[in-house]
Structures are given as C-alpha cells and as structure tokens.
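Trainee:
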Amino acid sequence: MYTRIGFVTKDGSSASKLTLEERDSSTFQSWKATNKLTPVDVYIPGEKNQCIYYNGKYGVYQETCSKGSSRQQWRLYPDSTIRPKDWLDGCMEIASLSGDWIYVQAGYCSGSPVLHKWVFSHDGAIRNWKSQLVVDASKTYPGYLYAMNYHGGKNQIWTLEFI
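Position 107 of the sequence shown, counting from 1, maps to 107 under full-length UniProt numbering, and the rest follow consecutively.
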C-alpha cells in the first residue's frame, strides 16, 4: 500500500502538487458537494416533542422542545459538525469510538475530528461518521443521549426544524 503518492494538476500555467495521505476526517481533508456553504441554524426534535439541548458546559441532553430557547438551537456546518449556537467553538461529539453506553456530549471542535463528524441519514438517524453509531435517546435514563448501534426505534429518529 502506498502511503504517500504525488500527483500534479494543471491550471493554466501554474501547477499544484497533491499528496495522498491516510484519511483522518480532519476538516483539511473534507470536501462536500453542496450549493450552500454557510452554516444553518436548526432545532433537532425527536420522539415525543423532545429536543436535543446543550446545557452550557459539556452536556448534551434532551428536554421538551421550547422554541426560542438558545440552548436548543444548533448550527450545522458543511464540515459535518453540529455546534451549539451558544458555543460555536464546541461540537456535538461522542465520548469515544467504542464501548458500551457511550455518551453524546459537547467538546472543543479542535479535538479529535472523528468524534464530532455527523451524517443525517435518510432514515432519520444522526450517525457518527467514523463509528456509525447513532444518537439514541435513552429509555433507561430519560434525558440522556448515547451513541448506540442503529435499531430503528423512534428514540433514534430525529428531524431538523430550520430557524
């Protein structure tokens, strides 16, 4: 396996050298086909009118939706991060890539990129890009959000309400 290969692309009279490196999910390696390059603000409601909210520190939980609550407003970025509108340097992330009962929490976006890259799936799940675990509203511990394997239950289905 080649770990580093050089390619050259031409643009008129100038050229730029490109290198191939192992994928690490950093924003420097992200390209996304989209017509909208600016972030969008949303609420993220789930089952029984429960919205994902940020507690002002590192906690990400769910509570009854209350439109106008800044703690329930999230900003979606084209680099696949979900950021609390009250803390734009922070990202919704998973506590680790493996294990049981993995918390969904907030952490600095400058940390490990694989922990805070998300994909909104066609089935309504919010899926971590690397682990493929989804945001799961705990039925055992109401209000808590975990990253779990997808089973398709209503507690793993989320919608986006644009602000």
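Just so it is clear, CB atoms sit at the ideal spot from N, CA and C, and this is done for glycine as well.
1. Determine the closest residue to residue 125 out of 145, 114, 55, 112, with distance taken between C-alpha atoms.
2. Hey, could you find the ends of the beta strand (DSSP E) residue 86 is sitting in?
3. Determine, using beta-carbon pairs with one atom in the segment 64-72 and one in the segment 105-119, whether at least three such pairs fall under 8 Å.
4. Name the DSSP beta bridge partners of residue 45, please?
5. Excluding the 5 residues flanking residue 82 on each side, which residues of the same chain have their C-beta closer than 7 Å to its C-beta?
6. Under the DSSP definition of a beta bridge, which residues are partnered with residue 136?
7. Once DSSP output is grouped into helix, strand and coil, what is the label at residue 105?
8. Between the C-alpha atoms of residue 151 and residue 88, what's the straight-line distance to the nearest angstrom?
9. Out of curiosity, what's the CA-to-CA distance linking residue 132 and residue 79?
10. In whole angstroms, what separates the C-alpha of residue 98 from that of residue 55?
11. Any idea which residues DSSP pairs residue 71 with across the strands?
12. Quick check on DSSP: helix, strand or coil for residue 98?
13. What is the DSSP secondary structure of residue 115, counted as helix, strand or coil?
14. From residue 168 to residue 66, what does the alpha carbon distance come to, in whole angstroms?
Mentor: Once the coordinates are examined:
1. On the sequence shown, position 125 is the one that residue 125 refers to. Closest in alpha carbon position to residue 125, among 145, 114, 55, 112, is 145.
2. Position 86 of the sequence shown, counting from 1, holds the residue named residue 86. It is not in any beta strand (DSSP E) - residue 86 carries neither H nor E in the DSSP assignment.
3. No: fewer than three Cβ pairs fall under 8 Å.
4. Here residue 45 refers to the residue found at position 45 when the sequence shown is read from its first residue. Residue 45 is bridged by DSSP to 51.
5. For this step, residue 82 is matched to residue 82 along the sequence shown. Taken in chain order, the residues that qualify are 74, 76, 91, 92, 118.
6. Sequence index remark: in the sequence shown, residue 136 carries index 136 (1-based). Partner residues in the beta bridge of residue 136, as assigned by DSSP, are 146.
7. Your numbering for residue 105 matches position 105 in the sequence shown. DSSP places residue 105 in strand when its eight states are reduced to three.
8. In the sequence shown, counting from the first residue as 1, residue 151 sits at position 151. In the sequence shown, counting from the first residue as 1, residue 88 sits at position 88. Straight across, the Cα-Cα distance linking residue 151 with residue 88 is about 31 Å.
9. Counting from 1 along the sequence shown, the entry for residue 132 is found at position 132. Counting from 1 along the sequence shown, the entry for residue 79 is found at position 79. Rounded to the nearest angstrom, the two C-alpha atoms are 17 Å apart.
10. Within the sequence shown, the letter at position 98 stands for residue 98. Within the sequence shown, the letter at position 55 stands for residue 55. If you draw a straight line from the Cα of residue 98 to the Cα of residue 55, it comes to about 24 Å.
11. The residue labelled residue 71 in the question sits at position 71 within the sequence shown. Within the DSSP bridge table, the entry for residue 71 names no partner.
12. By 1-based counting over the sequence shown, the position of residue 98 is 98. Three-state DSSP puts residue 98 in coil, outside helix and strand.
13. Counting from one through the sequence shown, the residue named residue 115 turns up at place 115. Of the three classes helix, strand and coil, the one that applies to residue 115 here is helix, per DSSP.
14. Outside the displayed span of the chain (1 to 163) sits residue 168, for which this structure offers no information.
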